[in-house]
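Residue numbers for the sequence shown follow numbering that gives the first Met the number 0, so the first one is 0 and each next one is one higher. Ideal Cβ positions, reconstructed from N, Cα and C, are used throughout, including at glycine. Structure first, then comments.
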Amino acid sequence: MSNTQEIKRRRTFAIISHPDAGKTTLTEKFLLFGGAIQTAGAVKSNKIKKSATSDFMEIERQRGISVSTSVMSFEYNDLLINLLDTPGHKDFAEDTYRTLTAVDSVILVIDCVKGVEEQTEKLMSVCRMRDTPVIVFINKMDREGQNPFDLLDEVEQKLNIKVHPLSWPIGIGSRFKGVYSLYHKELHLFRGGLTTVTDEVITISNLNDPQLDREVDESYAVQLREDAELIQGVYGELQLKDYLGGSVAPVFFGSAVNNFGVKELLDTFCEIAPEPGQRETDHGTVTPTDRDFSGFVFKIHANLDPRHRDRIAFLRVCSGKFERNKYFHHVRLDKDVRFSTPATFMASSRNIVDEAYPGDVIGLYDTGTFKIGDTLSEGKNFYFTGIPSFSPEIFKELVNNDPMKTKQLEKGIQQLTDEGVAQLFTHSFGNRKIIGTVGELQFEVIQYRLLHEYGAAASFKPLPVFKACWMTAEDKAALEQFVRLKAANVATDKDGHYVYLAESNWMLNTMMENNPKIQFHFNSEFKKRKIQPAH
Ligand code: G4P
Numbered sequence: 000m001s002n003t004q005e006i007k008r009r010r011t012f013a014i015i016s017h018p019d020a021g022k023t024t025l026t027e028k029f030l031l032f033g034g035a036i037q038t039a040g041a042v043k044s045n046k047i048k049k050s051a052t053s054d055f056m057e058i059e060r061q062r063g064i065s066v067s068t069s070v071m072s073f074e075y076n077d078l079l080i081n082l083l084d085t086p087g088h089k090d091f092a093e094d095t096y097r098t099l100t101a102v103d104s105v106i107l108v109i110d111c112v113k114g115v116e117e118q119t120e121k122l123m124s125v126c127r128m129r130d131t132p133v134i135v136f137i138n139k140m141d142r143e144g145q146n147p148f149d150l151l152d153e154v155e156q157k158l159n160i161k162v163h164p165l166s167w168p169i170g171i172g173s174r175f176k177g178v179y180s181l182y183h184k185e186l187h188l189f190r191g192g193l194t195t196v197t198d199e200v201i202t203i204s205n206l207n208d209p210q211l212d213r214e215v216d217e218s219y220a221v222q223l224r225e226d227a228e229l230i231q232g233v234y235g236e237l238q239l240k241d242y243l244g245g246s247v248a249p250v251f252f253g254s255a256v257n258n259f260g261v262k263e264l265l266d267t268f269c270e271i272a273p274e275p276g277q278r279e280t281d282h283g284t285v286t287p288t289d290r291d292f293s294g295f296v297f298k299i300h301a302n303l304d305p306r307h308r309d310r311i312a313f314l315r316v317c318s319g320k321f322e323r324n325k326y327f328h329h330v331r332l333d334k335d336v337r338f339s340t341p342a343t344f345m346a347s348s349r350n351i352v353d354e355a356y357p358g359d360v361i362g363l364y365d366t367g368t369f370k371i372g373d374t375l376s377e378g379k380n381f382y383f384t385g386i387p388s389f390s391p392e393i394f395k396e397l398v399n400n401d402p403m404k405t406k407q408l409e410k411g412i413q414q415l416t417d418e419g420v421a422q423l424f425t426h427s428f429g430n431r432k433i434i435g436t437v438g439e440l441q442f443e444v445i446q447y448r449l450l451h452e453y454g455a456a457a458s459f460k461p462l463p464v465f466k467a468c469w470m471t472a473e474d475k476a477a478l479e480q481f482v483r484l485k486a487a488n489v490a491t492d493k494d495g496h497y498v499y500l501a502e503s504n505w506m507l508n509t510m511m512e513n514n515p516k517i518q519f520h521f522n523s524e525f526k527k528r529k530i531q532p533a534h
């Protein structure tokens with residue numbers, strides 16, 4: 000098969016949801032359809048249960064599971080589908096944000112009872128940054144959920160994206176009769192038994208067909224006709240380019256646990272989802288069909304077993320062809336490297352791959368040479384952009400409890416933050432180290448790992464910081480003056496960029512108003528404009 004054919008048959012995506020909406024269940028059904036697993040229950044949820052906050056063996060076990068499910072590949076309808084897993088626990092949301100930089104599209108699962116939840120909003124805002132195409136799956140239609148029109152309104156308003164229903168539910172909860180596929184003009188009947196549910200498909204190309212009244216009660220048929228007319232009037236026909244451009248999200252309804260509406264979702268996904276796309280770099284656009292290999296690291300997974308300090312760096316192939324044992328250029332280190340055991344992972348088995356194509360994700364064994372965002376290329380020097388960091392939500396000062404182990408602590412904290420476990424800022428005053436995370440759990444993970452992997456005893460002192468904003472200015476003198484005057488609230492990130500540590504939203508707004516010459520950035524995307532660090 001030629002490179003172009005290999006690229007054309009790949010679809011790389013992630014399923015995202017607020018915890019409990021049904022991501023794991025849907026993933027498992029997809030894998031069953033793809034023949035990648037044979038039995039239900041083979042994919043374990045990577046949720047870290049609340050009770051596990053101080054149970055590190057549990058965290059380790061969970062992290063072990065998520066390595067094996069980091070990327071799940073399966074063949075379906077002549078396509079090679081790479082499904083990237085995203086952590087379920089909100090404290091690992093940064094990991095999810097970065098995974099979203101490595102996909103070409105997303106399926107968003109929403110629980111019809113709970114509607115759009117907090118985590119969903121955050122994840123979607125990341126997708127919107129890159130105009131990632133999104134398909135919405137409204138799940139749990141067998142439960143007494145909200146009215147579907149209200150749900151669509153909520154999605155549009157809270158997620159800031161237009162929607163376009165491609166299927167429509169007939170009844171809901173105990174009165175759920177099935178869905179009508181507005182896209183394929185088919186009726187999918189939900190025939191539930193005590194133990195099995197069948198998805199009976201009947202082609203009804205015209206909703207006025209009296210067969211509809213025979214298949215579902217007349218009152219349901221009348222309602223469906225009314226709804227369908229309304230939908231046609233409001234939404235018209237789906238323009239594929241709007242979906243591919245990320246401005247319109249097709250919507251499906253179903254019940255993942257009952258495997259209902261899932262096949263239609265997968266089939267339509269295969270029909271419309273984008274193949275591997277272009278990526279931006281600081282030296283222009285990289286196209287998958289470019290001859291030379293390139294890719295970037297979006298996730299680093301540490302082995303928590305202290306006897307094995309190796310890590311796995313996950314790399315998304317963006318162009319050309321990756322080959323085992325071939326030398327590629329590690330741009331940041333300006334060094335050529337090769338890999339003898341590049342791997343793919345699937346349901347706890349690891350396979351060595353000889354070659355990989357754009358859209359693929361491979362795991363590279365790493366002894367500390369990679370950092371999130373690193374580029375591998377075939378000789379050329381450039382960086383992929385668009386792998387942002389966001390402002391952390393919790394900030395604590397790192398306290399060294401064992402001065403004899405200062406070096407170990409320094410090394411440990413540098414490496415852990417390279418992995419993206421947390422962000423490290425250095426305070427202008429006295430070189431104090433500030434760790435920023437999106438969840439409390441990370442502090443426990445960091446403390447545990449510093450002690451067990453590096454032998455360094457550390458603790459954390461909470462700081463009254465609300466948000467960290469990166470700062471840039473055309474007028475360098477204005478920035479330096481601000482840094483001098485506000486030194487108590489200024490730190491630098493690992494790349495040497497100035498960061499303002501705001502104590503409250505009010506303070507932040509006041510600073511922004513009073514300092515119009517300074518730009519405050521809420522994520523690190525500004526770095527792609529090649530602004531020089533402060534130091
Ligand atoms: P997540 O990965 O998004 O966190 O969600 P997950 O798939 O683990 O699903 C969360 C719960 O919702 C599970 O129940 C799952 O069985 C249930 N669920 C998923 N899809 C549907 C659906 O279509 N209808 C209904 N009624 N429930 C659904 P659980 O009790 O937490 O776990 P389990 O014991 O069933 O595994």
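On the three-state DSSP scale, how would you describe ILE106? Numbered from its first residue, the sequence shown carries residue 106 at position 107. Residue state, collapsed to three classes: strand.
Next on the checklist: Quick check: is any heavy atom of ligand 2 less than 7 angstroms from the C-beta of SER1?
Outcome noted: This structure lacks ligand 2; its bound ligands are ligand 1.
- Indicate whether ASP359 and ARG310 have their beta-carbon atoms separated by less than 8 angstroms. Locating residue 359 in the sequence shown gives position 360, where the first residue counts as 1. Locating residue 310 in the sequence shown gives position 311, where the first residue counts as 1. Against a cut-off of 8 angstroms, the Cβ pair of ARG310 and ASP359 comes out as no contact.
_Just to confirm the assignment, what range does the beta strand (DSSP E) spanning ILE137 have?_
Locating residue 137 in the sequence shown gives position 138, counting from the first residue. Residues 133-138.
TODO: Give a yes or no on whether the minimum CB-CB distance between GLU274 and chain D is below 8 angstroms.
DONE: Absent here is chain D; the protein component of the structure consists of one chain.
- Message: For ligand 1, is there any heavy atom lying closer than 7 angstroms to the beta carbon of ARG331?
- Response: Here residue 331 is taken as the residue at index 332 of the sequence shown, counted from 1. The answer is no for ARG331.
Assuming ALA248 contacts HIS329 under a Cβ cut-off of 8 angstroms, what Cβ separation, rounded to an integer in Å, is found between them? Start at 1 with the first residue of the sequence shown, and residue 248 comes out as number 249. Start at 1 with the first residue of the sequence shown, and residue 329 comes out as number 330. Contact flag wrong, Cβ pair sits at about 37 angstroms.
Subject >> Option in LEU239, GLY253 and GLU228 with minimal Cα separation from HIS187 >> reply: Within the sequence shown, residue 187 is the residue found at index 188, counting from 1. For the residues LEU239, GLY253 and GLU228, the minimum Cα distance to HIS187 belongs to GLY253.
Short Cβ contact (8 angstroms threshold) for TYR234 with ILE271: Working through the sequence shown from its first residue, we reach residue 234 at position 235. Working through the sequence shown from its first residue, we reach residue 271 at position 272. The answer is no: Cβ separation not under 8 angstroms.
What does the Cβ neighbour count give for SER1, buried or exposed, with the cut at 16 atoms within 10 Å? Here residue 1 refers to the residue found at position 2 when the sequence shown is read from its first residue. So SER1 ends up on the exposed side.
Notebook entry, point to check: Cβ atoms of LEU500 and VAL444: under 8 angstroms apart, would you say?
Noted result: By one-based count along the sequence shown, residue 444 stands at place 445. By one-based count along the sequence shown, residue 500 stands at place 501. Result no, Cβ atoms of VAL444 and LEU500 do not sit closer than 8 angstroms.
(Q) Comparing C-alpha positions only, which one of LEU375, VAL352 and GLU322 sits nearest to ARG331? (A) If you number the sequence shown from 1, residue 331 lands on position 332. If we check each option's Cα against that of ARG331, LEU375 comes out closest.
Handout entry: Distance, GLN118 Cα to PRO18 Cα
Key = Indexing the sequence shown from 1 puts residue 18 at position 19. Indexing the sequence shown from 1 puts residue 118 at position 119. The alpha-carbon atoms of PRO18 and GLN118 are separated by roughly 8 angstroms.
Please confirm whether any heavy atom of ligand 1 lies closer than 7 angstroms to the CB of ALA20. Position 21 of the sequence shown holds residue 20. For ligand 1, at least one heavy atom lies less than 7 angstroms from the Cβ of ALA20.
Could you tell me whether the region 144-152 touches the region 167-175, using the rule of 3 or more Cβ pairs below 8 angstroms? yes
* Asked: Hey, how far is the Cα of PHE481 from the Cα of ILE412?
  -> Locating residue 481 in the sequence shown gives position 482, where the first residue counts as 1. Locating residue 412 in the sequence shown gives position 413, where the first residue counts as 1. So the alpha carbons of these two residues sit roughly 28 angstroms apart.
- request: Taking only the alpha-carbon atoms, compute the straight-line gap between ASN514 and ALA487 and give it to the nearest angstrom.
  value: For this step, residue 514 is matched to residue 515 along the sequence shown. For this step, residue 487 is matched to residue 488 along the sequence shown. Those two C-alpha atoms are separated by around 17 angstroms.
Query - Within 8 angstroms, strictly: CB atoms of LEU25 and ILE36 - result: Taking the first residue of the sequence shown as 1, we reach residue 25 at position 26. Taking the first residue of the sequence shown as 1, we reach residue 36 at position 37. No, the pair does not count as a contact, with Cβ atoms beyond the cut-off.
(message) Quick check on DSSP: helix, strand or coil for ILE445?
(response) Within the sequence shown, numbered from 1, the residue matching residue 445 stands at position 446. Reduced to three states, the DSSP call for ILE445 is helix.
* Residue range of the unbroken beta strand (DSSP E) whose run includes SER503 -> As a first step, residue 503 is located in the sequence shown; it is residue number 504 there, counting from the start. No beta strand (DSSP E) holds SER503; DSSP gives it neither H nor E.
Please classify GLY21 as buried or exposed, where buried requires at least 16 other C-beta atoms within 10 Å of its C-beta. Taking the first residue of the sequence shown as 1, we reach residue 21 at position 22. Buried is the call here.
How far does the alpha helix (DSSP H) with ASN412 in it extend, from its first residue to its last? Taking the first residue of the sequence shown as 1, we reach residue 412 at position 413. Before going further, note that residue 412 is Ile rather than Asn in the sequence given. Element bounds for ILE412: 405-417.
Q.
Measuring only from the beta carbon, is ALA255 closer than 7 angstroms to any heavy atom that is part of ligand 1?
A. The sequence position of residue 255 within the sequence shown is 256, counting from 1. Correct: ALA255 has its Cβ closer than 7 angstroms to ligand 1.
Own chain partners of ALA472 with C-beta closer than 6 angstroms, once the 5 adjacent residues on each side are dropped
Within the sequence shown, the letter at position 473 stands for residue 472. Here the set comprises LEU478, LYS516 and ILE517.
Q) Taking buried to mean at least 16 other C-beta atoms within 10 Å of its own C-beta, is VAL398 buried or exposed? A) As a position in the sequence shown, residue 398 is number 399, starting the count at 1. So VAL398 ends up on the exposed side.
Considering just the uninterrupted stretch of the alpha helix (DSSP H) at GLU217, what are its terminal residues? By 1-based counting over the sequence shown, the position of residue 217 is 218. Residues 217-234.
Taking 8 angstroms as the cut-off, does the region 419-439 touch the region 373-393 (at least 3 CB pairs, one atom from each stretch)? yes
Confirm the yes/no value for this check: CB of THR24, any heavy atom of ligand 1, distance under 7 angstroms. Mapped onto the sequence shown, residue 24 falls at position 25. Yes.
Checklist line | CB contact flag (LEU158, GLU120, <8 angstroms) | finding: In the sequence shown, counting from the first residue as 1, residue 158 sits at position 159. In the sequence shown, counting from the first residue as 1, residue 120 sits at position 121. It is a contact, given that the beta carbons lie within the stated cut-off.
query = Should VAL70 be labelled buried (16 or more other beta-carbon atoms within 10 Å of its own) or exposed?
reply = As a working mapping, residue 70 is identified with position 71 in the sequence shown. So VAL70 ends up on the buried side.
- Task: Indicate the three-state DSSP secondary structure (helix, strand or coil) for ARG349 in the structure shown.
- Result: Counted from its first residue, the sequence shown places residue 349 at position 350. Reduced to three states, the DSSP call for ARG349 is strand.
Open item on the list: On the DSSP bridge list, what partners appear for GLY283?
Closed with: Numbered from its first residue, the sequence shown carries residue 283 at position 284. Note: GLY283 sits in a beta bridge opposite THR280.
query = Helix or strand or just coil, what does DSSP make of LYS466?
reply = Along the sequence shown, one-based indexing puts residue 466 at 467. Strand, per DSSP.
- Query: Roughly how many angstroms separate the alpha carbons of GLY435 and ILE160, rounded to a whole number?
  - Reply: The count along the sequence shown starts at 1 and reaches residue 435 at position 436. The count along the sequence shown starts at 1 and reaches residue 160 at position 161. Those two C-alpha atoms are separated by around 30 angstroms.
request  = May I have the straight-line CA-CA distance separating LYS395 from LYS410, to the nearest angstrom?
outcome  = Position 396 of the sequence shown, counted from the first residue, corresponds to residue 395. Position 411 of the sequence shown, counted from the first residue, corresponds to residue 410. Each residue's alpha carbon lies about 18 angstroms from the other.
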